[in-house]
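Number of protein chains: 4
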Amino acid sequence: MSESGREPEIRLAGGIVPPLCTPLTPERELDVPSLEKLTGHLLGAGVHGLFVTGSTGEVGYLPDRTRQRVLEVVAGVAAGQVPVLAGVIDTATPRVIEHARAALEHGADALVATAPFYVPTHPAEIAVHFREIRAAVDLPLLAYDIPVSVHTKLAPATVAELAEDGTLAGFKDSSGDLDDLRSVLETVDTERFLVFSGSETMADTSLRLGAHGLVPGLGNVDPDGYVRLHRAAGAGDWARAEAEQARLRRLFEVIRVGARPMSRYSSAIGAFKAGLVLRGVIEHGTTSTPMIPLDDAELAEVRRLLVEADLLTGGSNQS
Amino acid sequence: MSESGREPEIRLAGGIVPPLCTPLTPERELDVPSLEKLTGHLLGAGVHGLFVTGSTGEVGYLPDRTRQRVLEVVAGVAAGQVPVLAGVIDTATPRVIEHARAALEHGADALVATAPFYVPTHPAEIAVHFREIRAAVDLPLLAYDIPVSVHTKLAPATVAELAEDGTLAGFKDSSGDLDDLRSVLETVDTERFLVFSGSETMADTSLRLGAHGLVPGLGNVDPDGYVRLHRAAGAGDWARAEAEQARLRRLFEVIRVGARPMSRYSSAIGAFKAGLVLRGVIEHGTTSTPMIPLDDAELAEVRRLLVEADLLTGGSNQS
Amino acid sequence: MSESGREPEIRLAGGIVPPLCTPLTPERELDVPSLEKLTGHLLGAGVHGLFVTGSTGEVGYLPDRTRQRVLEVVAGVAAGQVPVLAGVIDTATPRVIEHARAALEHGADALVATAPFYVPTHPAEIAVHFREIRAAVDLPLLAYDIPVSVHTKLAPATVAELAEDGTLAGFKDSSGDLDDLRSVLETVDTERFLVFSGSETMADTSLRLGAHGLVPGLGNVDPDGYVRLHRAAGAGDWARAEAEQARLRRLFEVIRVGARPMSRYSSAIGAFKAGLVLRGVIEHGTTSTPMIPLDDAELAEVRRLLVEADLLTGGSNQS
Amino acid sequence: MSESGREPEIRLAGGIVPPLCTPLTPERELDVPSLEKLTGHLLGAGVHGLFVTGSTGEVGYLPDRTRQRVLEVVAGVAAGQVPVLAGVIDTATPRVIEHARAALEHGADALVATAPFYVPTHPAEIAVHFREIRAAVDLPLLAYDIPVSVHTKLAPATVAELAEDGTLAGFKDSSGDLDDLRSVLETVDTERFLVFSGSETMADTSLRLGAHGLVPGLGNVDPDGYVRLHRAAGAGDWARAEAEQARLRRLFEVIRVGARPMSRYSSAIGAFKAGLVLRGVIEHGTTSTPMIPLDDAELAEVRRLLVEADLLTGGSNQS
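Chains as they are written, first to last, in the numbering used here: chain S, 1 to 319; chain F, 1001 to 1319; chain X, 2001 to 2319; chain Z, 3001 to 3319.
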């Protein structure tokens, strides 16, 4: 679909495409060495793509130059081994197009955009929005359905229409609505249009329904688990996929460690980063302002859950 | 409160502070001459401040450099006659601080920021958010309560706490919750803390409850009406204020002209800009992508309402 | 409007129409003597009507026969001195009509009904709903706009249409949307159609906007305060009305005493009933299952607020 | 769990438990012969239980005596062949208990209750609510999770707690949240606690996740389809279950035939009843006031979808 002249083109495919955490220094600057290590950690696990500057990547907090630097670093490490998808997240079309142009320039193989938010919107305008982004920047475009953040839900009929006319190359569902996911899969040409689920906990079910791939935030902490789940599903070994999913569901309890007044996002992103620190992948668990950092009791709970999931040995004390 | 060394300081005060529309050319570039004329039109009506890059100013659509240029142009025309407030609207703290720094540089006298959006948030994080913005840029900071866009409501207790500790210099209510507005007015020091209402239609009531000022989008089209309303209220002539409000309530029906599938924002911003074209203030009614433009029937309805409100003569045909 | 042949007809009018609490024994049976005393307490304060089986009256908890008994008792005590309005609250038309028939039989002078709830609904169906209720039972019908309970908002245009065609005799706003309240007042014939506000805290503002009356739950505890507020407003003495309102706003903090896990309704109804016990009007503060009863600390806070509002002397220890 | 002394006890089990439509005459009275035929139609298809006075049964519209008569008629026809579950749907505990007592008297084998609605509620109160219902009436109690109607979601932890202490015998999910359904299945004792899905369109997935049974409204129109789907799932023949589901998903488009202004419920219930008329099971498609009846074009679309699903022959003209 992309004919931007860049050669050889990285073909967008399904599989495990983790939404990368964005490692920060204690001063809240981008921690480039940690980001490089994280990218290597994911590639080493055999993931099939890398999604930068998504919600898990704290995109809503990152200044533009940091977003671009993240993409540049990850695309540099990936070096064409797997496609790099870039979230181009902003309130409305002209601002999104600015991000899309920057993403093209900094090495993205595909773009992921939400419906407009903050500004009131309407399905008729959402369709214009995606068409204008697609027309402005020649990269495959995926629609990112994340009602918890944008407060509108993409109707399967809208997705189907934008798939049909070539605006969209794919769809990432972070709504949790598996019924709508199935409707999309029933109506698009699944040979040409890729459907991803953002669910950590219904990954096996999503694949069973025909989804091409997964974009699990928890895949930062345990990419091997998701790669195994995906491989089992691909082989039709659903019992094994379900067993892996059951383990990952228990591990996903990390997102609930934050017991003091804080957003659930503070808890989840804090826990993913803490898990990466505990596993020795990144240097610091620092999250962006104004998120509330996890305290020692909460971090101990993250450790406990990692031990239970066989990602750490209980005796070690490496936090 | 500001000690930025810029002299002479423009003191932020109450009164009529219209949120300026952002005139665009048919190619959707900033129409600087029209923006200058609009600023002059408002100053000529005797407004007490100018609020740029707010929701009415299509801030969610404008790229950063356009936001900055708008501020620069308006501050240039205002030339210290009245304070210029700049909306620094973005998803979370680090991005908002970038806008705040740019606003300081381009001539803002005060900043207006919302709670975080897109990213999940929590009252504990909202307080950190405003404190960090205030700490980063030395300009008076107003909290902008606009739940329809950000999907959280600022609790009066949070506003009071941030007023008390000097984080906030004021509050702009666009929630429509007059009970909460009253609670804020009951708990802050109204000698030092400014409360604005964003309501076009409950302006008289807001002033009666003690609000210091108004930020009405419709004030682009009819600034004289709001200046008269404010003057009557200041003189305790509530009957006159209510009569003016009644006329402005009828005029505000312009926001509902859009009868085809479109967001209510397309209808409202389209109508304000059409009204400014009809009144000869700006050149084009163009709105940002992906808003749906008003059609001829809808524009005729805008004209009819302006004639009814005595802002146009019925015989003229100047559209 | 009612031509039911009952003579002499009690004319529905504006003024203070408290929504009566429903006193219960510790065994959660209707406490008839307390209900009689409460009715007398309100009539003695000079209220202009009595509203039974509304939300404040725990209508959602009361079995049908209790609802009917409440109405019977209150209508008996009122004995034609003031009109008795009955809430006929249920999920959809046929069930509401059953309540309406029972209310006619047990002494109601007017009916108060919400839009359908639990069942999905639509404005086109809401209009049918009110028309069918009006056609079935010949009593003046008021629409009760309470989105927090029914999860739809009555559009002013719908209210105006149903006022125009004689379906509705009035409207009770418990939405808190004063802008819509004003729209209703602008479009109905206010000589024939009565508009009530259910707000405890914006009562003066509602009257200033033209509302005919008030239905404040807090009016159980302090009917004299609302009668004074209404009298001041009627005399155009807005400063006095606002001062009374300010005192009542502080008293209304009673609804927030419930600090443990409970619904805000448990807190509010518990506090109103506790206030009535403290003032010696009813015997027990018991609320319906499954509401959480207030504990001693919470009750002490109710007492403190009553003392502050001059409804109790601080030295007494009558709880 | 039930020790009501009624012998022989009907054991509640999983399987297909359709929520029966409530046939009405054109005068909107209960059509008893049609209800008897519908019950026979379902039993003939081999369903495993019957659920009366649920949302599909228009419970929100039916007066108490109609609810009781429906139960009596269906229990009479069922005659102990399969358990009969009765929805005891009302706003809060005391009213629900009244329905529960009536249901026990009129032949229910189990009760299905929602969280409180209309009245504000809280998880702490929801737990009390179910415990009080269970204590009052000795029949197995299922929690009915239907946020679209009651506007709260039952947390899996609440369900697990009420399962653990014996309050609940089962859970019916009509939230569409398969992730939560899975959490419930992971935490309860699935030997003793029954989990049903109310989804027409994710029935295969729900069974795959471990649900014991299905309560599909569309099962009125095509009980054989759901019985086949359930049988295939029970045999581990997931390909066959998915194929049946795919056909039923297409048929479920009947709920969207209503293209004029009406609630989606008018469309869905109208379509189910129209389908039953077309299939010769019930006499009239009449729905309760204030639902909007389907018009001829909408009915033709229902027919078309039934023909496509092989439930009618295209040539016939039996509507």
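Note that CB positions come from ideal geometry on N, CA and C, so glycine has one too.
Query raised in the report: Shorter than 8 Å from the beta carbon of X/T2201 to some beta carbon of chain F?
Result: Working through the third sequence from its first residue, we reach residue 2201 of chain X at position 201. Answer yes: the Cβ-Cβ gap between X/T2201 and chain F drops below 8 Å somewhere.
Query raised in the report: So, helix, strand or coil for X/I2097, using DSSP?
Result: Here residue 2097 of chain X refers to the residue found at position 97 of the third sequence. Three-state result, X/I2097: helix.
Query raised in the report: Taking C-alpha atoms, which residue in X/P2116, X/S2034, X/Q2068 and X/T2022 lies nearest to Z/T3091?
Result: Within the fourth sequence, the letter at position 91 stands for residue 3091 of chain Z. For the residues X/P2116, X/S2034, X/Q2068 and X/T2022, the minimum Cα distance to Z/T3091 belongs to X/P2116.
Query raised in the report: What residues from the segment 2268 to 2300 of chain X come within 8 Å of chain Z, judged by C-beta to C-beta, listed N to C?
Result: S2288, T2289, P2290, M2291 and I2292
Query raised in the report: In this structure, what does DSSP give as the bridge partners for X/S2197?
Result: One-based indexing of the third sequence puts residue 2197 of chain X at position 197. For X/S2197, which the question treats as bridged, DSSP gives the partners X/D2173 and X/L2214.
Query raised in the report: chain Z beta carbons: is any one of them nearer than 8 Å to that of S/L178?
Result: Against the first sequence, residue 178 of chain S aligns to sequence position 178. Yes, S/L178 counts as interfacial toward chain Z.
Query raised in the report: In chain order, which continuous runs of the beta strand (DSSP E) of length 3 or greater are located wholly inside the segment 3029 to 3060 of chain Z?
Result: 3050 to 3052
Query raised in the report: Looking at the structure shown, is Z/V3323 part of a helix, part of a strand, or coil, going by DSSP?
Result: Here chain Z covers residues 3001 to 3319 and nothing more, so residue 3323 of chain Z does not appear.
Requested in this report: Classify Z/R3066 as helix, strand or coil using the three-state DSSP reduction.
Outcome: Residue numbering aside, residue 3066 of chain Z sits at position 66 when the fourth sequence is read from its first letter. Inspection of the sequence shows that residue 3066 of chain Z is occupied by Thr rather than by Arg. Three-state result, Z/T3066: helix.
Requested in this report: Keeping to the same chain, check which residues put their C-beta closer than 6 Å to that of S/G285; ignore five residues upstream and five downstream.
Outcome: What you label residue 285 of chain S is simply residue 285 of the first sequence in a count that begins at 1. Closer than 6 Å at Cβ, skipping near neighbours: K273, A274 and V277.
Query raised in the report: Residues in its own chain within less than 7 Å of S/T121 by CB, not counting five upstream and five downstream?
Result: Working through the first sequence from its first residue, we reach residue 121 of chain S at position 121. The answer, listed in chain order, is A115 and T152.
Query raised in the report: Counting only beta-carbon atoms, is F/T1205 nearer than 8 Å to chain X?
Result: Here residue 1205 of chain F refers to the residue found at position 205 of the second sequence. True, the Cβ-Cβ gap to chain X drops below 8 Å.
Query - Enclosing beta strand (DSSP E) for X/D2145 [first to last residue] - result: Residue mapping note: residue 2145 of chain X aligns to position 145 of the third sequence, counting from 1. Run containing X/D2145: L2141 to D2145, per the beta strand (DSSP E) assignment.
Query - Which of helix, strand or coil DSSP assigns to X/L2024 - result: Taking the third sequence and counting its residues from 1, the one referred to as residue 2024 of chain X is at position 24. Strand.
Requested in this report: Please confirm whether F/G1170 and F/L1209 have their CB atoms less than 8 Å apart.
Outcome: If you number the second sequence from 1, residue 1170 of chain F lands on position 170. If you number the second sequence from 1, residue 1209 of chain F lands on position 209. For F/G1170 and F/L1209, no; Cβs fall outside 8 Å.
Query - Residue from S/S34, S/P147 and S/V52 with nearest C-alpha to S/R279 - result: As a position in the first sequence, residue 279 of chain S is number 279, starting the count at 1. S/R279 has its Cα closest to that of S/S34, out of S/S34, S/P147 and S/V52.
Report task. Could you pull the start and end residues of the alpha helix (DSSP H) that F/G1128 belongs to? Result -> On the second sequence, position 128 is the one that residue 1128 of chain F refers to. Reading the sequence as shown, one finds Val at residue 1128 of chain F and not Gly. Segment P1123 to A1136, the alpha helix (DSSP H) holding F/V1128.
**Report entry** Minimum C-alpha distance to S/E98 - residue among F/E1125, F/P1083 and F/T1066
**Finding:** Working through the first sequence from its first residue, we reach residue 98 of chain S at position 98. That would be F/T1066, whose Cα lies nearest to the Cα of S/E98.
Report task. Mind reading off the beta-carbon distance from S/L62 to S/T22? Whole number of angstroms is fine, and I expect it under 8 Å. Result -> Mapped onto the first sequence, residue 62 of chain S falls at position 62. Mapped onto the first sequence, residue 22 of chain S falls at position 22. Confirmed, about 6 Å.
Query raised in the report: By Cβ distance below 8 Å, which residues in the same chain neighbour S/I133 in space, the five residues on each side in sequence not counted?
Result: If you number the first sequence from 1, residue 133 of chain S lands on position 133. So the list reads V88, T93, V96, I97, A100, L111, A113 and L141, once near-sequence residues are dropped.
**Report entry** Contacts around S/A163, its chain only, beta-carbon distance under 6 Å, and the 5 residues preceding and following it disregarded
**Finding:** In the first sequence, residue 163 of chain S corresponds to position 163, counting from 1. Excluding residues within five positions, the ones whose Cβ falls inside 6 Å are V188 and F193.
Report task. Grab the span of the alpha helix (DSSP H) containing Z/V3396 for me, first residue to last. Result -> Any question about residue 3396 of chain Z goes unanswered here, given that chain Z covers just 3001 to 3319.
Query raised in the report: Should S/F117 be flagged as near chain F, meaning a C-beta pair shorter than 8 Å?
Result: The sequence position of residue 117 of chain S within the first sequence is 117, counting from 1. It does: the Cβ of S/F117 has a partner Cβ on chain F nearer than 8 Å.
Query raised in the report: Terminal residues of the continuous beta strand (DSSP E) containing Z/A3113?
Result: Reading the fourth sequence from its first residue, position 113 is the one you call residue 3113 of chain Z. Element bounds for Z/A3113: A3110 to T3114.
Report task. With a cut-off of 8 Å on the beta carbons, I'd call F/G1176 and X/D2177 a contact; round off their distance for me. Result -> Here residue 1176 of chain F corresponds to residue number 176 of the second sequence, with the count starting at 1. Here residue 2177 of chain X corresponds to residue number 177 of the third sequence, with the count starting at 1. Their Cβ separation, rounded to whole angstroms, is 7 Å, which keeps F/G1176 and X/D2177 in contact under 8 Å.
Query raised in the report: DSSP on X/V2084, reduced to helix/strand/coil?
Result: Translated into positions along the third sequence, residue 2084 of chain X becomes position 84. Three-state DSSP puts X/V2084 in a strand.
Query raised in the report: Buried or exposed: where does X/Q2068 fall if 16 or more other Cβ atoms within 10 Å of its Cβ makes it buried?
Result: Residue 2068 of chain X sits at position 68 when you count from the first residue of the third sequence. Label assigned to X/Q2068: buried.
Query - Cross-strand partners of S/I292 (DSSP beta bridge) - result: By 1-based counting over the first sequence, the position of residue 292 of chain S is 292. Per DSSP, none; premise fails for S/I292.
Query - Through-space distance from F/E1301 to S/G234, alpha-carbon basis - result: Within the first sequence, numbered from 1, the residue matching residue 234 of chain S stands at position 234. Within the second sequence, numbered from 1, the residue matching residue 1301 of chain F stands at position 301. Using only the alpha carbons, I get a separation of about 59 Å.
Query - Environment of S/E105 [buried if 16+ CB atoms lie within 10 Å] - result: As a position in the first sequence, residue 105 of chain S is number 105, starting the count at 1. By the neighbour-count rule (16 or more Cβ atoms within 10 Å), S/E105 is not buried but exposed.
Query raised in the report: For chain X, is any of its Cβ atoms less than 8 Å away from the one on Z/A3157?
Result: Working through the fourth sequence from its first residue, we reach residue 3157 of chain Z at position 157. No, because no Cβ of chain X sits closer than 8 Å to the Cβ of Z/A3157.
**Report entry** Contact set for F/V1073: own chain, Cβ-Cβ below 7 Å, skip 5 residues either direction
**Finding:** Position 73 of the second sequence, counted from the first residue, corresponds to residue 1073 of chain F. Contacts found: V1032, L1035 and E1036.
Query raised in the report: Which chain X residues are close to Z/L3062, counting only those with a beta carbon under 8 Å from its beta carbon?
Result: Position 62 of the fourth sequence, counting from 1, holds the residue named residue 3062 of chain Z. Near Z/L3062 (Cβ distances below 8 Å), the residues of chain X are P2094 and R2095.
Query raised in the report: Within the 8 Å Cβ cut-off, does Z/H3351 reach chain X?
Result: Nothing about residue 3351 of chain Z can be reported from this structure: the residues present for chain Z run from 3001 to 3319 only.
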